[in-house]
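Reading through the structure tokens given below for one structure.
Protein chains: 2
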Amino acid sequence: MATTNTNHPKRPEPQALASAIEALAARFGNRLITSQAVRDQHAHTTTWLAPQPPDAVVMAQETSDIQDVVRICAKNSVPVIAFGTGTSLEGQVNAPAGGICIDLRDMNQVLAVHPEDLDCVIQPGITRKTLNEHLRDQGVFFPIDPGADASLGGMASTRASGTNAVRYGTMRDNVLALKVVRGDGEIITTGTRSKKSSAGYDLTHLFVGAEGTLGIISELTIKLRGIPETIAAAACSFDSVRGACQATILAIQTGIPVARIELLNAEQVRACNSYSKLSLPETPLLLLEFHGSENEVAEQSKNFSEIAKECGGGDFTWTTRPEDRTKLWQARHDAYWSVKALRPGAGVVATDVCVPISRLADCVTETEEDLKRLRLQSPIVGHVGDGNFHCSLLCDVDDRDEMARGEDFMHRLVERAQAMGGTCTGEHGIGQGKQKYLKAELGPEALDAMRALKQALDPQNIFNPGKIVPAA
Amino acid sequence: MATTNTNHPKRPEPQALASAIEALAARFGNRLITSQAVRDQHAHTTTWLAPQPPDAVVMAQETSDIQDVVRICAKNSVPVIAFGTGTSLEGQVNAPAGGICIDLRDMNQVLAVHPEDLDCVIQPGITRKTLNEHLRDQGVFFPIDPGADASLGGMASTRASGTNAVRYGTMRDNVLALKVVRGDGEIITTGTRSKKSSAGYDLTHLFVGAEGTLGIISELTIKLRGIPETIAAAACSFDSVRGACQATILAIQTGIPVARIELLNAEQVRACNSYSKLSLPETPLLLLEFHGSENEVAEQSKNFSEIAKECGGGDFTWTTRPEDRTKLWQARHDAYWSVKALRPGAGVVATDVCVPISRLADCVTETEEDLKRLRLQSPIVGHVGDGNFHCSLLCDVDDRDEMARGEDFMHRLVERAQAMGGTCTGEHGIGQGKQKYLKAELGPEALDAMRALKQALDPQNIFNPGKIVPAA
Numbered sequence: 001m002a003t004t005n006t007n008h009p010k011r012p013e014p015q016a017l018a019s020a021i022e023a024l025a026a027r028f029g030n031r032l033i034t035s036q037a038v039r040d041q042h043a044h045t046t047t048w049l050a051p052q053p054p055d056a057v058v059m060a061q062e063t064s065d066i067q068d069v070v071r072i073c074a075k076n077s078v079p080v081i082a083f084g085t086g087t088s089l090e091g092q093v094n095a096p097a098g099g100i101c102i103d104l105r106d107m108n109q110v111l112a113v114h115p116e117d118l119d120c121v122i123q124p125g126i127t128r129k130t131l132n133e134h135l136r137d138q139g140v141f142f143p144i145d146p147g148a149d150a151s152l153g154g155m156a157s158t159r160a161s162g163t164n165a166v167r168y169g170t171m172r173d174n175v176l177a178l179k180v181v182r183g184d185g186e187i188i189t190t191g192t193r194s195k196k197s198s199a200g201y202d203l204t205h206l207f208v209g210a211e212g213t214l215g216i217i218s219e220l221t222i223k224l225r226g227i228p229e230t231i232a233a234a235a236c237s238f239d240s241v242r243g244a245c246q247a248t249i250l251a252i253q254t255g256i257p258v259a260r261i262e263l264l265n266a267e268q269v270r271a272c273n274s275y276s277k278l279s280l281p282e283t284p285l286l287l288l289e290f291h292g293s294e295n296e297v298a299e300q301s302k303n304f305s306e307i308a309k310e311c312g313g314g315d316f317t318w319t320t321r322p323e324d325r326t327k328l329w330q331a332r333h334d335a336y337w338s339v340k341a342l343r344p345g346a347g348v349v350a351t352d353v354c355v356p357i358s359r360l361a362d363c364v365t366e367t368e369e370d371l372k373r374l375r376l377q378s379p380i381v382g383h384v385g386d387g388n389f390h391c392s393l394l395c396d397v398d399d400r401d402e403m404a405r406g407e408d409f410m411h412r413l414v415e416r417a418q419a420m421g422g423t424c425t426g427e428h429g430i431g432q433g434k435q436k437y438l439k440a441e442l443g444p445e446a447l448d449a450m451r452a453l454k455q456a457l458d459p460q461n462i463f464n465p466g467k468i469v470p471a472a
Numbered sequence: 001m002a003t004t005n006t007n008h009p010k011r012p013e014p015q016a017l018a019s020a021i022e023a024l025a026a027r028f029g030n031r032l033i034t035s036q037a038v039r040d041q042h043a044h045t046t047t048w049l050a051p052q053p054p055d056a057v058v059m060a061q062e063t064s065d066i067q068d069v070v071r072i073c074a075k076n077s078v079p080v081i082a083f084g085t086g087t088s089l090e091g092q093v094n095a096p097a098g099g100i101c102i103d104l105r106d107m108n109q110v111l112a113v114h115p116e117d118l119d120c121v122i123q124p125g126i127t128r129k130t131l132n133e134h135l136r137d138q139g140v141f142f143p144i145d146p147g148a149d150a151s152l153g154g155m156a157s158t159r160a161s162g163t164n165a166v167r168y169g170t171m172r173d174n175v176l177a178l179k180v181v182r183g184d185g186e187i188i189t190t191g192t193r194s195k196k197s198s199a200g201y202d203l204t205h206l207f208v209g210a211e212g213t214l215g216i217i218s219e220l221t222i223k224l225r226g227i228p229e230t231i232a233a234a235a236c237s238f239d240s241v242r243g244a245c246q247a248t249i250l251a252i253q254t255g256i257p258v259a260r261i262e263l264l265n266a267e268q269v270r271a272c273n274s275y276s277k278l279s280l281p282e283t284p285l286l287l288l289e290f291h292g293s294e295n296e297v298a299e300q301s302k303n304f305s306e307i308a309k310e311c312g313g314g315d316f317t318w319t320t321r322p323e324d325r326t327k328l329w330q331a332r333h334d335a336y337w338s339v340k341a342l343r344p345g346a347g348v349v350a351t352d353v354c355v356p357i358s359r360l361a362d363c364v365t366e367t368e369e370d371l372k373r374l375r376l377q378s379p380i381v382g383h384v385g386d387g388n389f390h391c392s393l394l395c396d397v398d399d400r401d402e403m404a405r406g407e408d409f410m411h412r413l414v415e416r417a418q419a420m421g422g423t424c425t426g427e428h429g430i431g432q433g434k435q436k437y438l439k440a441e442l443g444p445e446a447l448d449a450m451r452a453l454k455q456a457l458d459p460q461n462i463f464n465p466g467k468i469v470p471a472a
């Protein structure tokens, strides 16, 4: 299925590449790594896309390292690819034209925390768990949780979100300002620490979601929240996906500020029961979390339970005890492993689409029917408050027929979501895997605009070439 | 003070302009207006900037009208300026190089409302009050309230916000997708109705805040909210601006979801007392609004009153009766008129800056001291939850000395905000008036990037030339 790479940027001239690597070796010594094993680790993709390793990896330690790598690459017209934790899902860190990977894991400092302003300034390589450990003593936290313990630079670059975006927004809503290394190695500052600004074009949000194709993020200023006084978790089974979706719609319409609301379809619940030794009713399930004061959380839970009952929900249990909450969410967190266990040895391809919430029940139901028709297995979990859901498609990579049906399923899933007014990706990004769907979603004019922006900010096409924008 | 127009784009050739107007007349008949009075109305600026009328105005009725105006203007290299209600504050609708103004007031239709998805699709000329009247029966509303009854296209273009941004965000947070007419008259679709997307560069947020310099917004998809069950208003006097700011910081840190929190400094309270025949203590005042269920609102009010007391706040009164709420907010809504009444005949120049909230008390206090030192009068109102505040500077335009002191004050205000990590404008935009401050705020690299984006999307420089990006 490497055929889904629709964009094939040209490799640099061998002499130019050699010259770049020589200059990098002189500058970085043993922080320039060309071993095959390390290169392969940096082309790790959790998709069907074939890995495409870079020619070398530089371990960056400070901003000036990024600047120098970019300058050397620009001088030699060699691609440069930023790397955080390699947990992106659509081939974002692949190097289809080779080039230099900048590994940012060591740039993981918290540079400043401003609890009164609810913001902090960080380096791009810090992961969300490390950040939240650092912040905990100050009573604040960074809410975006995409599942993986991703780096914040990577999360900004893919416009990541996750389970609590329904309350706290996505990376788009939580990045205040960036510093970005541009093609000549100089640094663009995109904003200030003020919560609002109308000062010129929104450069911040142009770089958020740009997947490293317009420059390399060297510093982020992000929003924080106060740690809630009380957190309650709840679970509620439904007869149908439609009932679960309807309850979600009503909860949001009536303004219940639910912090997490996750849908597991019947097949996913079966997988969880089997993997986590649970005995949940094998019907669609909502897992919820409420944040607030003790009274607020009690009222939110009560209001939601009434809505759930109206929509065919079963017993509604909620708890504020940390150990009970953990138990309740374990099934959700283990969803990936539970799917893996359904067919040991088979590949699991994770994909996501997002639709207006009024169409979510239709989209999930039709997708379940399509899976049955195509004789494929793919449990479904959804960030149902946002209309966003994930299929975890099981496929034997050696079974050509199944792989073909799998590819067919993926195309149809995207087309279904787009026909319902949705998008080909709610949170995984375009990378290589979803370029072919952009035109149908936004039209040729939007692609023209994206190409013009890429050309304007990266005229040499050195930043992560072959991603996002399909070749014209 | 017209000297503050730092950007002087070239006027089109007379023959090209004549040719464009001829073609527009043939296409639009009496919807093309060249009378001086109408042209002057479309250069209305509520600033010190000199009005610069366009050469003609076209009254657009549908998207194809915008497309044809743009095509005719592009063919003749004539500027084209979008006009909503003319309530922008930094010369955004001025025509420094002449050209054609497209008046969008008749494109004011609600094209679709999706209450389950909490979104609607509208034409750009609809004003926020008209929109909310249309929506009321469906139990939903659009929350952004910049004060003026502005058009939604204009609000998106200036990235407007206002009193309840602290809870509901700004236009940046509430626009899901746009249709934008580009230089060849074709239409760019920037997004879908799905609440989240990671599908490519964030075109939506590039056009939000672009002040019509990159294309003309012909359609918006915006987020709505459920009308809250209960709304409570409250007022609380403080000994000092610092106490009021500290109460605000604590309220936000502890997660009280206050819907509005407005600061009036002592001088503004004096002006309101005099104009609205009130007898409020003439010390800094916070006006608040809480949205939610009856219980939620009661708890929010109680929690805030405890915080206020700790921070030196006086009596805290809250009410949910609509007539009492209206009375309480009347003083805030009449703030502009109360300032006007302080010195009949003098001009009132409205300006805004925004700082991290931890610096707000410093910034307001130093600004008050500066006014005293410069012998100037300017009541202050602030969207204190966002760190954003407005000065309403009274100046006799015929008094050159006072005008010079006023200009000095404005420069120092912006420099003070920027030195505190803030921005030269939280919600009014750059337009013509604040171009000179962008470089100090973001650096030359950000300006380079903005110029490159302008060049990429509007290579002919026909869209609202002379705005946002200072000449290189």
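Same order as they appear, the protein sequences are chains Z and U. The numbering of the first sequence is UniProt numbering, which starts it at 1 and goes up by one. The numbering of the second sequence is UniProt numbering, which starts it at 1 and goes up by one. Glycine is no exception: its CB is placed at the ideal position from the N, C-alpha and C atoms.
(request) Grab me the residues of N5(Z)'s own chain with a C-beta within less than 6 Å of its C-beta, minus the 5 sequence neighbours each way, in chain order. (result) For N5(Z), the predicted model reports a pLDDT of 47, less than 50, meaning its position is unreliable; a value from the coordinates is still stated below. Listed in chain order, the non-local C-beta contacts of N5(Z) below 6 Å within the same chain comprise Q432, local neighbours out to five positions each way being set aside.
(message) Looking at the strands, I want to know which residues DSSP matches up with T351(Z).
(response) Bridge partners of T351(Z) according to DSSP: C391(Z).
(message) For residue 478(U) and M420(U), what's the separation of their Cα atoms in angstroms?
(response) Because chain U spans 1 through 472 in this model, residue 478(U) falls outside it and cannot be assessed.
(request) Counting only runs of 4+ residues fully inside the region 412–437 of chain U, write out the alpha helix (DSSP H) ranges in chain order. (result) Complete alpha helix (DSSP H) runs here, min 4: none at all.
(message) Rounding to the nearest angstrom, what Cα-Cα distance links S358(Z) and V381(U) in this structure?
(response) If you take the alpha carbons of S358(Z) and V381(U), they lie about 41 Å apart.
(message) Is residue 546(Z) close to chain U? Criterion is C-beta to C-beta, closer than 8 Å.
(response) What is shown of chain Z runs 1 to 472, which leaves residue 546(Z) out entirely.
(request) May I have the straight-line CA-CA distance separating A440(Z) from M450(U), to the nearest angstrom? (result) If you draw a straight line from the Cα of A440(Z) to the Cα of M450(U), it comes to about 29 Å.
(message) If the cut-off is 9 Å on Cβ atoms, which residues from the region 364–381 of chain U count as contacting chain Z, listed in chain order?
(response) Using a CB distance below 9 Å, no part of the region 364–381 of chain U faces chain Z.
(message) Any heavy atom of the ligand HEM closer than 7 Å to the beta-carbon of A449(Z)?
(response) Of the ligands one can find in the structure shown there are none, so the ligand HEM has no counterpart to examine.
(request) Might you give, ordered along the chain, the residues of its own chain that have their beta carbon closer than 6 Å to the beta carbon of S88(U), omitting 5 neighbours on each side? (result) The residues are T158.
(request) Compute the Euclidean distance between the alpha carbons of G154(Z) and P124(Z), then round it to the nearest angstrom. (result) Their Cα atoms are separated by approximately 7 Å.
(message) Give me the DSSP bridge partner(s) of A233(Z).
(response) For A233(Z), which the question treats as bridged, DSSP gives the partners E289(Z), T319(Z).
(message) My parser needs the beta strand (DSSP E) runs of 3 or more residues fully inside the region 95–155 of chain U; what are they?
(response) At a cut-off of 3 residues, the continuous stretches assigned as beta strand (DSSP E) that sit fully inside the region 95–155 of chain U are 100–103, 110–114, 119–122.
(request) Give the straight-line distance between the Cα atoms of K467(U) and Q92(U), rounded to the nearest whole angstrom. (result) Spanning the alpha carbons of K467(U) and Q92(U) requires a straight line of approximately 7 Å.
(message) Under 8 Å, Cβ to Cβ, is there at least one residue of chain U near Y168(Z)?
(response) Judged by the 8 Å Cβ criterion, Y168(Z) is not in contact with chain U.
(message) Cβ closer than 7 Å: which chain U residues qualify as neighbours of L285(Z)?
(response) Chain U residues near L285(Z): none, gap ~22 Å exceeds 7 Å.
(message) Cutting at 7 Å between CB atoms, please list the residues of its own chain near Y275(U), excluding the five before and the five after it.
(response) Closer than 7 Å at Cβ, skipping near neighbours: D334, W337, S338, A341.
(message) Taking only three categories from DSSP, how would you classify K10(Z)?
(response) Shown here, K10(Z) sits in coil according to DSSP, grouped into three states, outside any helix or strand.
(request) Have a look at A18(Z) and E62(Z) and give me their C-alpha separation to the nearest angstrom. (result) A18(Z) and E62(Z) have their alpha carbons spaced roughly 24 Å apart.
(request) Confirm, please, whether the CB-CB distance from G215(Z) to R182(Z) is below 8 Å. (result) Judged by their CB atoms, R182(Z) and G215(Z) are nearer to each other than the 8 Å cut-off.
(request) Could you give the DSSP three-state label for L32(U): helix, strand or coil? (result) Of the three classes helix, strand and coil, the one that applies to L32(U) here is strand, per DSSP.
(request) Express the C-alpha separation of Q36(U) and D145(U) in angstroms, rounding to a whole number. (result) Straight-line spacing of the CA atoms in D145(U) and Q36(U) works out to 32 Å.
(request) Please list, in chain order, all residues of the same chain as residue 475(U) whose beta carbon is under 6 Å from its beta carbon, the five residues on each side excluded. (result) Past the edges of chain U, shown from 1 to 472, lies residue 475(U), and the structure says nothing about it.
(message) In whole angstroms, give me the CA-to-CA distance for N108(Z) and F83(Z).
(response) Our two residues, N108(Z) and F83(Z), have alpha carbons roughly 13 Å apart in a direct line.
(request) In angstroms with no decimal places, state the Cα-to-Cα distance between Q246(Z) and L374(Z). (result) One C-alpha to the other measures close to 28 Å.
(message) If you follow the beta strand (DSSP E) that I256(Z) is in, where does it begin and where does it stop?
(response) First-last for I256(Z): undefined, no H or E at that position.
(request) Assign L32(U) to buried or exposed, taking buried as 16 or more other Cβ atoms, counted over all protein chains shown, within 10 Å of its Cβ. (result) Around the beta carbon of L32(U), a 10 Å sphere encloses 16 or more other beta carbons of the protein chains shown; the residue is thus reported as buried.
(message) Can you check whether the C-beta of E441(Z) is within less than 8 Å of a C-beta belonging to chain U?
(response) Yes - at least one Cβ of chain U is within 8 Å of the one on E441(Z).
(request) Output, in sequence order along the chain, the residues in the region 410–432 of chain U whose CB is closer than 7 Å to any CB in chain Z. (result) So the list reads G421, G422, T423, C424, T425, G426, E427, H428, G429, I430, given in the order they occur along the chain.
(message) I need the straight-line Cα distance from D399(Z) to E407(Z), nearest angstrom please.
(response) Distance between the alpha carbons of D399(Z) and E407(Z): 12 Å.
(request) Over the uninterrupted beta strand (DSSP E) stretch that includes L374(U), give me the two end residues. (result) Unbroken run through L374(U): none, as it is neither H nor E.
(message) Can you find the residues in the same chain that come closer than 7 Å, C-beta to C-beta, to F207(Z), ignoring five residues on each side of it along the sequence?
(response) Excluding sequence neighbours, F207(Z) sits near L178, V180, T190, L214, G215, I217.
(message) Helix, strand or coil for E186(Z)? Go by DSSP, reduced to three states.
(response) If DSSP states are grouped into helix, strand and coil, E186(Z) belongs with coil.
(message) Please list, in chain order, the chain Z residues whose beta carbon lies closer than 9 Å to that of M450(U).
(response) The answer, in chain order, is G200, Y201, L203.
(request) Quick one: list the residues of chain U neighbouring S358(Z), beta-carbon separation under 7 Å, in chain order. (result) Going along chain U in sequence order, the residues near S358(Z) (Cβ under 7 Å) are H114, E116, D117.
(message) Here's a check: name, in chain order, each residue in its chain whose Cβ is nearer than 7 Å to the Cβ of A129(Z), leaving out the five neighbours to either side.
(response) It is worth fixing the name first, because residue 129(Z) is Lys in this sequence and not Ala. These residues qualify, in order along the chain: D149.
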